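I have placed the structure first, in the form of structure tokens, so that the comments after it can refer back to it.
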Ligand SMILES: Cc1ncc(COP(=O)(O)O)c(C=O)c1O
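In UniProt numbering, the protein residues as written are 1 to 388.
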């Protein structure tokens, strides 16, 4: 028997799950959490903590910071110094706090659309402007428009760039050269580079991603990496993440921002859960990636055989598949609503990620293969009906 179970998924309806808050018979393949149980090693560590029965104030000690550093060294070939790390209660809370601390009201915060929609909330809800260096789509792949990036970084009001590394929703793993080039350009133009690396452990094939804290030269003094076990191990409700900031002045600013926004203190499971994930999670993660590759291969083959009007734009990272539906609709919101109404399949409309997202749907494949098959059948039925 396999050591880990990626065939069954617990029934999360009625459990306060955001993803599974759907109507009876609906199939949510939208919000980015997984239907699989997390690694048993993490559950054991959490149970031990709960059994202690006393849950007073906590802060992370050396073993937490060491577990993070060891994980990066083993998994990604780069070891952050432990003193560079700051605990925080999530990547999004940290992004919002850093936007408030590093930039000013009215400043431009640069992103690369289409990108994770919550970036826009963190920027706009804080009175900053979104400026996008839109990714360029050539029909099968996305690339950076470097000239446009440099122009936008050079604007005096651009003070912060939020980089999605690897990139949600397109699944792209930026190369070492690309990460270095972006960091160098940010440094030249005095723009702080905030790199959201929450999907960094989920590179399904090809070389590992490049953490921004590992860039060379002066550019390293200007970067903030945000990492977390939440996507990797399906522990979003753990509310645990780490900011890695090599430069001590920038780190002090980030620290002040996280603390004054009160997003720097762990809950009772955050520390033991994270340490267990990073110390014992390697084998589970490898098994997960194997399953995700099976799911992606199945979806790609199903779509090319049965839905030739849909084009898969699959990068090497994340469990999210980005579907080009331009030949069916350029109104992804309307198409997603139709699919939900007609088939119960809930997907994320690409429009929420802006850029050219209106021609795309995002589908979450982090579920048992039987669910992937169900979702694809619903997609086929819905698209056939839509085009009829
Ligand atoms: C790029 C990216 N950043 C952050 C998050 C959420 O981070 P957290 O739950 O730690 O706030 C997500 C979740 O989908 C994501 O895709």
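All C-beta atoms, glycine included, are put in the ideal place defined by N, C-alpha and C.
None of these values were measured; they are calculated from a predicted model.
Short Cβ contact (8 angstroms threshold) for residue i with residue j
i: residue 231; j: residue 280; result: no
i: residue 317; j: residue 223; result: no
i: residue 423; j: residue 328; result: There is simply no residue 423 to check, as the chain begins at 1 and stops at 388 in what is shown.
i: residue 209; j: residue 68; result: no
i: residue 186; j: residue 115; result: no
i: residue 155; j: residue 108; result: yes
i: residue 244; j: residue 60; result: no
i: residue 389; j: residue 355; result: Nothing about residue 389 can be read from this structure; the chain reaches only from 1 to 388.
i: residue 324; j: residue 296; result: no
i: residue 132; j: residue 92; result: no
i: residue 149; j: residue 191; result: no
i: residue 182; j: residue 193; result: yes
i: residue 357; j: residue 378; result: no
i: residue 372; j: residue 298; result: yes
i: residue 287; j: residue 3; result: yes
Nearest-angstrom beta carbon gap, residue j and residue i [assumed within contact, 8 angstroms]
i: residue 226; j: residue 269; result: Not really, about 20 angstroms apart at Cβ, beyond 8 angstroms.
i: residue 64; j: residue 87; result: 7 angstroms
i: residue 94; j: residue 240; result: About 11 angstroms separates the two Cβ atoms, so there is no contact after all.
i: residue 274; j: residue 229; result: 5 angstroms
i: residue 213; j: residue 80; result: 5 angstroms
i: residue 300; j: residue 312; result: 5 angstroms
i: residue 211; j: residue 197; result: 6 angstroms
Sequence-distant residues of its chain with Cβ nearer than 7 angstroms to residue i (five each side left out)
i: residue 346; result: 22, 26, 27, 28, 29, 30 and 340
i: residue 267; result: 239
i: residue 302; result: 376
i: residue 385; result: 342
i: residue 326; result: 359
6 angstroms CB neighbourhood of residue i in its chain, flanking five on each side removed
i: residue 143; result: 136
i: residue 174; result: 165
i: residue 90; result: 239 and 241
i: residue 184; result: 219
i: residue 333; result: 349 and 351
i: residue 306; result: 380
i: residue 41; result: 276 and 280
i: residue 257; result: 97, 98 and 101
i: residue 7; result: 368
i: residue 75; result: none
i: residue 255; result: 86
i: residue 221; result: 247
i: residue 289; result: 204
i: residue 73; result: 79
Cα-Cα separation, residue i to residue j
i: residue 130; j: residue 180; result: 23 angstroms
i: residue 284; j: residue 83; result: 28 angstroms
i: residue 14; j: residue 24; result: 11 angstroms
i: residue 369; j: residue 320; result: 14 angstroms
i: residue 128; j: residue 58; result: 34 angstroms
i: residue 292; j: residue 33; result: 13 angstroms
i: residue 39; j: residue 366; result: 14 angstroms
i: residue 138; j: residue 45; result: 47 angstroms
i: residue 111; j: residue 71; result: 28 angstroms
i: residue 140; j: residue 247; result: 38 angstroms
i: residue 16; j: residue 330; result: 33 angstroms
i: residue 19; j: residue 364; result: 11 angstroms
i: residue 251; j: residue 119; result: 21 angstroms
i: residue 162; j: residue 48; result: 37 angstroms
i: residue 103; j: residue 11; result: 43 angstroms
i: residue 282; j: residue 5; result: 15 angstroms
i: residue 249; j: residue 259; result: 15 angstroms
i: residue 9; j: residue 177; result: 39 angstroms
i: residue 362; j: residue 263; result: 30 angstroms
i: residue 235; j: residue 147; result: 39 angstroms
i: residue 382; j: residue 304; result: 16 angstroms
i: residue 168; j: residue 43; result: 27 angstroms
Beta carbon proximity, residue i to chain B, threshold 8 angstroms
i: residue 216; result: You won't find chain B in this structure, because it holds only one protein chain.
Own chain partners of residue i with C-beta closer than 8 angstroms, once the 5 adjacent residues on each side are dropped
i: residue 158; result: 107, 108, 109, 110, 131, 152, 189 and 191
i: residue 170; result: 114, 135, 142, 313, 315 and 322
i: residue 105; result: 126, 127 and 128
i: residue 294; result: 369
Every unbroken beta strand (DSSP E) inside the segment 294-377 [3 residues or more]: 311-313, 320-324 and 360-364
At 4 residues or longer, what runs of the alpha helix (DSSP H) sit wholly inside the segment 33-110? 40-52, 62-76 and 91-102
Please specify which runs of the alpha helix (DSSP H), each continuous and at least 4 residues long, are wholly inside the segment 121-200, giving them in chain order. 146-154 and 176-188
Alpha helix (DSSP H) runs wholly inside the segment 231-297, at least 4 long, in chain order: 248-260 and 270-280
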